[in-house]
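This is the structure we're talking about:
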């Protein structure tokens, strides 16, 4: 029986990963985090309906030690204790020293792209260290790989995510998201490196079933990783959107204050903005969407466009970023996971793996070809 320790296992995404893994009788789960009470309460509630044994522990990702991990003896550690913009590799290094695999749900650009710094140590310890097992870059790279299979040249990639307004990210995550507003970020556009600004680049996107939503540019690891894996790629873009138009347009407007230097960062406004969102929770819906659009030339030189769409209903959107870690944890426990080393979660699983994991959820995804 393999033991999976989920740090942040009672949070929005860690709890979803725990729920999915709890259906596997050959896996033992340990729910961990800074709060012993929250870990215990969630573990006890999950254990009532789980096929797996569910335990709990106290562990802080920012100060975890190899000794603490050895005492818990996990085979795999899932780090779901974001946001990752303020974290370092303390937990990943502790996993290497303790001889256990590490998987995180990070979507912070520098954190995910820099994980290769641990590659030598991970190889030496014979463990896999994987960063970015989330919607981006884990799922987005799987979708692009599927769509690019019959393309001779991949020219453009555009990824977008817009959660339903019912999703509550919590103060820390909200601060990391809002903190990007007005801050410069490098992107590849038309074959050149250019600078755009967080929560600007305002545009509308029509999600199937959902309708039009406002979208803006946001920083993610994909902006670095796709050009590395597809050197011929001319344009890479990532957009995010808030479902309620007044919220999105308000954040877009405020981003100009940060860009102009009138305010240093919008992050301190996270608490009042999240409070306003909660008071107006009746606005919007519990339906979120994601798209991945690619364009390129087929083997006959004809320009082709492909779009992979996802719609998550009934408040089940938070399962989407959790699924990559579930897929990889199962494989690592079974002994057929990625080879030892440290790398971003880019192309490490197939889109079919994801589709199998969401089959029993109110989440639909499909591919459109021109």
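Numbering (our numbering), first residue to last: 11 to 380.
C-beta: ideal position from N, C-alpha, C; glycine also.
Member of the options whose CA lies at the smallest distance from the CA of residue i
i           : options            : result
residue 194 : 74, 371, 265, 183  : 265
residue 148 : 135, 333, 352, 345 : 333
residue 172 : 229, 97, 253, 199  : 253
residue 340 : 35, 19, 18, 350    : 35
residue 363 : 29, 284, 187, 151  : 151
residue 16  : 66, 46, 33         : 66
residue 208 : 180, 125, 189      : 189
residue 98  : 221, 331, 120, 343 : 120
residue 354 : 117, 96, 52        : 117
residue 373 : 329, 88, 226       : 329
Enclosing alpha helix (DSSP H) for residue i [first to last residue]
i           : result
residue 258 : 255-269
residue 361 : 361-367
residue 288 : 280-289
residue 188 : 181-188
residue 25  : 24-31
Residue i - DSSP class collapsed to helix/strand/coil
i           : result
residue 47  : helix
residue 232 : helix
residue 245 : strand
residue 193 : coil
residue 337 : helix
residue 312 : coil
residue 74  : coil
residue 57  : helix
residue 132 : helix
Close beta carbons around residue i, own chain, < 8 Å, minus the five adjacent residues each side
i           : result
residue 325 : 174, 176, 177, 296
residue 137 : 105, 106, 109, 110, 111, 112, 350
Host beta strand (DSSP E) of residue i (start-end)
i           : result
residue 375 : 373-379
residue 217 : 213-217
residue 64  : 64-68
residue 206 : 202-207
Nonlocal neighbours in the same chain, by C-beta distance under 6 Å from residue i, ignoring five residues either side
i           : result
residue 316 : 157, 304, 379
residue 267 : 273
residue 300 : 171, 320
Those residues which DSSP pairs with residue i across a bridge
i           : result
residue 116 : According to DSSP, which records beta bridges pairwise, residue 116 is partnered with nothing at all.
residue 164 : 306
residue 301 : 170, 319
residue 221 : 217
residue 89  : 17, 114
residue 353 : 140
Contacting residues, own chain, Cβ-Cβ under 7 Å from residue i (five flanking each side not counted)
i           : result
residue 218 : 319, 321
residue 13  : 38, 40, 83, 84, 85
residue 197 : 204, 206, 233, 246, 247
residue 284 : 181, 184
Closer than 8 Å to chain C by CB, residue i
i           : result
residue 354 : Protein chain content of the structure displayed is limited to a single chain, and chain C is not contained in it.
Residue i CB to nearest heavy atom of the ligand ADP below 7 Å
i          : result
residue 34 : Within the structure as shown, the ligand ADP is missing, as the structure has no ligands at all.
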